[in-house]
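**Student:** Going down the list, the sequences are from chains A and B. Position one of the first sequence corresponds to residue 1 (this note's numbering), numbered consecutively onward. Position one of the second sequence corresponds to residue 1001 (this note's numbering), numbered consecutively onward. Okay, here's the structure, questions in a sec.
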Amino acid sequence: MTLETAVTGAPGEPELPAEQLERFLYEMAFIRRFEEKAGEMYTRGKIRGFLHLYTGQEACAVGAIHALEERDKVIAHYRDHGHAIAKGVDPKRVMAELYGRADGTSGGRGGSMHIYDTSKGMMGGYAIVTAHLPVAVGLGLASSMKGEGFVTLCIFGDGSVGEGEFHEALNLSVLWKVPVIFFCENNLYGMGVSFAESLSTEIPKLAAAYNMPAVSIDGMDVLEVHRETKKAVEHCRSGKGPYFIEAMTYRYRGHSMSDPELYRLKDEIEEYRRRDAIESLRLYMQERGLVDEQRWRQIEERVERDVEECVAFAEASPQPGIETLFEHVTKESGDD
Amino acid sequence: MTEMRMRDALREALREELKRDSRVFLMGEDIGAYGGSYAVTKGLLEEFGPERVRDTPIAESGIIGAGIGAALGGLRPMVELMTINFSLLALDQIVNTAAKLHYMTNGQMNVPMVVRMASGGGSQLAATHSHSLEGLYAHFPGLKVVCPSNPADAKGLLKRAFRDDNTVVFIEHTANYGFRGEVPDDPDYLVEFGKANILREGSDVTIVGYSGSVHQALRAAAMLEEQDEVSAEVVDLRTLRPLDMDTVIKSVKKTNRAVIVEDAWKFGGFGGELSAQIMERAFDWLDAPVARVCSKDVPMPYNRDLEFAALPSEEDIVEAVLAMF
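Right under this line is the structure:
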C-alpha cells in the first residue's frame, strides 16, 4: 500500500516541539490500540451494549483537545473513548467503564457511550444525537456569566446537522456570544446513510449562515487539526463568540459493533487508510529525523503494554454492588 | 401576610431568589420585554437586567439544553417554556439529559434547574394547547414535579425549587394564576417537597387532587356537605415527585373511601398510580373501589360546551362520591 501523508506543513523544521509530536503519535496509537482491544473484548463478550469505535478518527481528538488548556471542557458524542483519553481521563477507568465495573468512570452506570470525568473537564459522551450542543451553549453561558473564561469544545458528527437542535444551538451561541467551539467530525456517514444523501448544502455554510467563523479542515492531519483548533480557542478566549470547525475524517470500523457495513465498499476504507493519521504523522516525523524504526517499535511496545494494563485493570475491578442500585437517582442536600 | 394572586406570588418568589443568589438567572420565551405570557415575570427585566432575565428565541429544546449546561457550569437557571404543550419539544432534554446525568455520572454531575410551564385546559385553546402532562413528568426517576394550587404554596414551593440540587419541573395551572390568597412575607418562607396538605378535614371520603383540580375538589366537598351531609376530606398533593403517599393513606384509613381528581386523562394517568398505591396499602380499609374523576378520553375540543363536557367538573366528583354509599 502506498502512503500519501495527510500531514502537511513546510519542509524542514517541525511545526511543534519533538516531545509534543511524539506525544501526539503515542496518544493516537494508544487510542487506536485501545479501540481495537475494546472491539476484541466485545466479541469475547466482556463488553456489552453498544460499542462505537473511534479508529481512523484519532487525529481529531488528539489534535483538537491538545489545543485546549486544562480548565477547558470537552463535551462529545457517543463515540467518546478517544476524547476522554485525550482530555486526560485515566484510560484504565475508561476500559473499566466499558466492562461495567465499579472502578469505571461512572462505576458501571454509563457504559461506552457515556464517559464522564468532571475532574478532567470531560463533560461526557451523549448518546442522543445533537443533545449536547445546547448543553455546550449553556456551559459557554456559565463561563461568560461567571467570568471564568473556560472554553467548551463541543464535538459531534455529521449526523447532527440534520437535527433541529443543531440550528437552535448555533443560533443561541452567536446571540449570546459564548466561548464554544463547534467541532464537527465529518466521517461521511450518519450510521449508514452517506452525508451526501442527508444534507442539501455544505456544513460550514450552515455555520456561516449564523454569523460565526467556519472552516473545513483535513481531520486526518493532526497538525492541521491542532493549528486550526488553536485559532478557534484564541477566538473564543478573547470574547469573540463561537467558532465552527468541520474536520473531514473517516472511521475504519462500522458504526457500531453490530454494523454489517452494507453501505460502503472495502475499497473505500483502503483508500482512506492510505492517508492514515498515525502513519502520516510518523512519516512526517521520520522525514525530520524525529522517529526511526527502532523508536517507533518502542512506542508500539509501550502502547501494547499500556493497553494491556487497562484490560488487566478492568478485569480485576469488582462488579458494582447491587446495594448501590438506588444511589444517585436524585441529589439530596449534603450528598456528594 | 399579604393577599395576592398566584402570578404575583410566583413573581415574588423569583424576585427574592434573584436577590438572594447571584447564580440564579431566568430565561425563556417572552419572559423579558413581554413580561411573561401569564405576566409572571413582569417587571423583572427592568429590575435585574437582560443578563439575568433573558428573552430567548422560540427553541424549547435549545433553551432547556442551555439551562442544563448553565447548571453544569455552576449557575442556577430557571427556564420558562410558556406552556407544558411546548415542553414536548424539549422532552428529550428533560428526560434524557436533565433527569439522567446525576445517575449516569455516578453522582459527578447534577442539574439544579427549575423548568416552569403553564398547564391545563378550559380556555378554549383546543387539543394542542390544553394538555395536563404532570403525570408524564412524574413518570421519570431523577425529576421532581411540583404542582401548586394556591399563592402561598406557589411562592414557598418555587423558592424551595431553586434550592434543590435537581431539575424541578414546576407546573402551574392557567386557571390558578388569578387565584387570590394570603402569602407569607418572610423571604425564607419555603414549602417542603413531598408534604401533602389537607385543605379540608372530613370523615366520610378522601378526595385527592393537585394543581387546578384541588379547587374543584373543594367546591365538590362544600356541595356534598350542604346537599348530602357527606363529610369530605380534601388532600392537595402539592408535589407528585416526591409523593407524600403517607398522608393520603392515613386519610383513606380514616374515611374508608377515596376519589382521585385530575385534569389529565384517566387512561395510563397519574390517578391510576395513586389508585394502585391506595389499594396496595389500604385495601382492607376501603368500603368501595377507588374512583377516578378525570378528563374524558378525547383530544380537547375547541367548542365551549364540548370542552366543558370533556373536563372533570365538581358535579362529576359529587356523583362519584355518592356512588360509593
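Glycine included, C-beta positions come from ideal geometry on N, C-alpha and C.
Anything in chain A within Cβ reach of B/ILE1165, meaning under 9 Å, just list it in chain order.
**Tutor:** The count along the second sequence starts at 1 and reaches residue 1165 of chain B at position 165. For the sequence presented, residue 1165 of chain B should be read as Asp rather than Ile. Under the 9 Å cutoff, chain A gives THR330, LYS331, GLU332, SER333, ASP335.
**Student:** Interface residues of chain A around B/MET1109 at Cβ under 7 Å?
**Tutor:** Position 109 of the second sequence, counting from 1, holds the residue named residue 1109 of chain B. Those within 7 Å of B/MET1109 in chain A are TYR116, THR118.
**Student:** What does the alpha-carbon distance come out to for the pair B/VAL1214 and B/ILE1260?
**Tutor:** On the second sequence, position 214 is the one that residue 1214 of chain B refers to. On the second sequence, position 260 is the one that residue 1260 of chain B refers to. Rounded to whole angstroms, B/VAL1214 to B/ILE1260 spans 10 Å at the Cα level.
**Student:** Residues of chain B with a CB under 7 Å from the CB of A/ARG227: which are they?
**Tutor:** Counting from 1 along the first sequence, the entry for residue 227 of chain A is found at position 227. Chain B residues near A/ARG227: none, gap ~28 Å exceeds 7 Å.
**Student:** Do you know offhand how far B/ALA1152's Cα is from B/LEU1089's?
**Tutor:** By one-based count along the second sequence, residue 1152 of chain B stands at place 152. By one-based count along the second sequence, residue 1089 of chain B stands at place 89. The straight-line gap from Cα to Cα measures roughly 31 Å.
**Student:** With a threshold of 7 Å on Cβ separation, who are the neighbours of A/GLU228 within its own chain once the five nearest residues in sequence on each side are excluded?
**Tutor:** Here residue 228 of chain A refers to the residue found at position 228 when the first sequence is read from its first residue. Excluding residues within five positions, the ones whose Cβ falls inside 7 Å are VAL215, ILE217, ILE245.
**Student:** Check the Cβ of A/LEU168 against every Cβ in chain B and list those closer than 7 Å, keeping chain order.
**Tutor:** Taking the first residue of the first sequence as position 1, residue 168 of chain A is located at position 168. Looking at the sequence provided, one finds Glu at residue 168 of chain A rather than Leu. Correct list: ALA1059, SER1061, GLY1062.
**Student:** At what residue ranges does the region 1119-1159 of chain B contain a whole run of the beta strand (DSSP E), taking only runs of 3 or more?
**Tutor:** 1144-1146
**Student:** Just checking, does the region 1069-1089 of chain B make contact with the region 132-152 of chain A on the three C-beta pairs under 8 Å criterion?
**Tutor:** yes
**Student:** Can you name the residues of chain A whose CB is closer than 9 Å to the CB of B/LEU1075?
**Tutor:** In the second sequence, the residue the question calls residue 1075 of chain B occupies position 75. Those within 9 Å of B/LEU1075 in chain A are GLY138, LEU141, ALA142, MET145, LYS146.
**Student:** Whole angstroms are fine: how far does the CA of B/ARG1005 sit from the CA of B/GLU1080?
**Tutor:** The residue you call residue 1080 of chain B lines up with position 80 of the second sequence. The residue you call residue 1005 of chain B lines up with position 5 of the second sequence. Taking the straight line from one Cα to the other gives about 19 Å.
**Student:** So, is B/ALA1099 buried or exposed, given that buried needs 16 or more other C-beta atoms within 10 angstroms?
**Tutor:** Taking the first residue of the second sequence as 1, we reach residue 1099 of chain B at position 99. Result: buried.
**Student:** Residues of the region 172-197 of chain A in Cβ contact with chain B at a cutoff of 7 Å, in chain order, please.
**Tutor:** LEU172
**Student:** Can you say whether B/GLN1108 is buried or exposed, counting buried as having 16 or more other CB atoms within 10 angstroms of its CB?
**Tutor:** Translated into the one-based positions of the second sequence, residue 1108 of chain B becomes position 108. Buried, since its Cβ has 16 or more Cβ neighbours within 10 Å.
**Student:** Alpha carbon to alpha carbon, how far is A/PRO11 from A/ASP336? Give it in angstroms, no decimals.
**Tutor:** Here residue 336 of chain A corresponds to residue number 336 of the first sequence, with the count starting at 1. Here residue 11 of chain A corresponds to residue number 11 of the first sequence, with the count starting at 1. Caution applies to A/ASP336, whose pLDDT of 43 falls short of 50 and renders its modelled position unreliable; the value that the coordinates give is listed next. One C-alpha to the other measures close to 53 Å.
**Student:** Would you say B/LYS1019 faces chain A, with C-beta separation under 8 Å as the test?
**Tutor:** Your numbering for residue 1019 of chain B matches position 19 in the second sequence. No, B/LYS1019 does not count as interfacial toward chain A.
**Student:** Below 6 Å CB to CB, which residues in the same chain sit around B/GLU1182 once its five sequence neighbours on both sides are set aside?
**Tutor:** As a working mapping, residue 1182 of chain B is identified with position 182 in the second sequence. Excluding residues within five positions, the ones whose Cβ falls inside 6 Å are MET1001, GLU1003.
**Student:** Is the CB-CB distance between B/VAL1235 and B/VAL1208 below 8 Å?
**Tutor:** For the purposes of this step, residue 1235 of chain B is taken as the residue at position 235 of the second sequence. For the purposes of this step, residue 1208 of chain B is taken as the residue at position 208 of the second sequence. Yes.
**Student:** Report the residue from B/MET1324, B/ARG1163, B/LEU1237 whose alpha carbon sits nearest the alpha carbon of B/ALA1196.
**Tutor:** Counted from its first residue, the second sequence places residue 1196 of chain B at position 196. For the residues B/MET1324, B/ARG1163, B/LEU1237, the minimum Cα distance to B/ALA1196 belongs to B/LEU1237.
**Student:** Below 8 Å CB to CB, which residues in the same chain sit around A/VAL174 once its five sequence neighbours on both sides are set aside?
**Tutor:** For this step, residue 174 of chain A is matched to residue 174 along the first sequence. Answer for A/VAL174: TYR210, ASN211, MET212, GLY241, PRO242, listed in chain order.
**Student:** Using 10 angstroms around the beta-carbon of A/LYS92, count the other beta-carbons present and answer buried if the total reaches 16, otherwise exposed.
**Tutor:** To locate residue 92 of chain A, count along the first sequence from 1; it is residue 92. When all chains shown are included, A/LYS92 counts as buried.
**Student:** With distance defined between alpha-carbon atoms, name the residue in A/SER200, A/ARG101, A/THR249 nearest to A/VAL56.
**Tutor:** In the first sequence, residue 56 of chain A corresponds to position 56, counting from 1. What sits at residue 56 of chain A in the sequence shown is Gly, not Val. Cα-wise, what sits closest to A/GLY56 is A/THR249.
**Student:** Between A/VAL151 and A/ASP80, is the Cβ-Cβ spacing less than 8 Å?
**Tutor:** In the first sequence, counting from the first residue as 1, residue 151 of chain A sits at position 151. In the first sequence, counting from the first residue as 1, residue 80 of chain A sits at position 80. In this structure, A/ASP80 does not lie closer than 8 Å to A/VAL151 by Cβ.
**Student:** If you draw a straight line from the alpha carbon of A/GLU358 to that of A/GLU19, how long is it in whole angstroms?
**Tutor:** Because residue 358 of chain A is not part of the residues shown, which for chain A are 1 to 336, the question remains open.
**Student:** Between A/ALA314 and chain B, is the shortest Cβ-Cβ distance under 8 Å, so that the two count as touching?
**Tutor:** Looking up residue 314 of chain A in the first sequence gives position 314. No, its Cβ sits nowhere closer than 8 Å to a Cβ of chain B.
**Student:** Determine the chain A residues that contact B/MET1004 at a beta-carbon separation under 9 Å, and present them in chain order.
**Tutor:** Taking the second sequence and counting its residues from 1, one reaches residue 1004 of chain B at position 4. In chain order: nothing, as chain A lies at least about 29 Å away.
**Student:** Counting only the same chain and skipping the five closest in sequence on each side, list residues whose C-beta sits under 8 Å from that of A/MET1.
**Tutor:** Indexing the first sequence from 1 puts residue 1 of chain A at position 1. Caution applies to A/MET1, whose pLDDT of 49 falls short of 50 and renders its modelled position unreliable; the value that the coordinates give is listed next. Excluding sequence neighbours, A/MET1 sits near GLU270, ARG273, ARG274.
**Student:** For B/LEU1072, return the contacting residues in chain A, with the cut-off set at a CB-CB distance below 8 Å.
**Tutor:** For the purposes of this step, residue 1072 of chain B is identified with residue 72 of the second sequence, where counting begins at 1. Chain A residues near B/LEU1072: MET123, VAL135, GLY138, LEU139, ALA142.
**Student:** Can you confirm whether A/ALA131, when its beta carbon is compared against all beta carbons of chain B, has any partner nearer than 8 Å?
**Tutor:** Counting from one through the first sequence, the residue named residue 131 of chain A turns up at place 131. Judged by the 8 Å Cβ criterion, A/ALA131 is in contact with chain B.
**Student:** Using only the alpha-carbon positions, how far apart do B/ASP1185 and B/TYR1210 sit?
**Tutor:** Stepping through the second sequence from its first residue, residue 1185 of chain B is reached at position 185. Stepping through the second sequence from its first residue, residue 1210 of chain B is reached at position 210. So the alpha carbons of these two residues sit roughly 24 Å apart.
**Student:** Find the nearest neighbour of A/ILE278 within the set A/GLU323, A/ALA61, A/GLY111, judged by alpha-carbon distance.
**Tutor:** Indexing the first sequence from 1 puts residue 278 of chain A at position 278. Among A/GLU323, A/ALA61, A/GLY111, the Cα nearest to that of A/ILE278 is on A/ALA61.
**Student:** Give me the residue from B/LEU1322, B/ASP1284, B/GLY1268 with the minimum Cα distance to B/LEU1136.
**Tutor:** Looking up residue 1136 of chain B in the second sequence gives position 136. Nearest of B/LEU1322, B/ASP1284, B/GLY1268 to B/LEU1136, Cα basis: B/GLY1268.
**Student:** Using 10 angstroms around the beta-carbon of A/LEU265, count the other beta-carbons present and answer buried if the total reaches 16, otherwise exposed.
**Tutor:** Along the first sequence, one-based indexing puts residue 265 of chain A at 265. Classification of A/LEU265: exposed, given that the 10 Å Cβ count is below 16.
**Student:** Taking the alpha helix (DSSP H) that A/TRP296 falls in, what are its first and last residues?
**Tutor:** Within the first sequence, residue 296 of chain A is the residue found at index 296, counting from 1. Note, A/TRP296: alpha helix (DSSP H), 293-316.
**Student:** Does any C-beta atom of chain B lie closer than 8 Å to the C-beta of A/MET1?
**Tutor:** In the first sequence, the residue the question calls residue 1 of chain A occupies position 1. With a pLDDT of 49 at A/MET1, under the threshold of 50, the predicted position of this residue should be treated as unreliable, though the coordinate-derived value follows. No, no contact with chain B.
**Student:** Could you tell me which chain B residues have their CB closer than 8 Å to the CB of A/ARG101, listed as they occur along the chain?
**Tutor:** The count along the first sequence starts at 1 and reaches residue 101 of chain A at position 101. Near A/ARG101 there are no residues of chain B at all, since even the closest Cβ is about 12 Å away, more than 8 Å.
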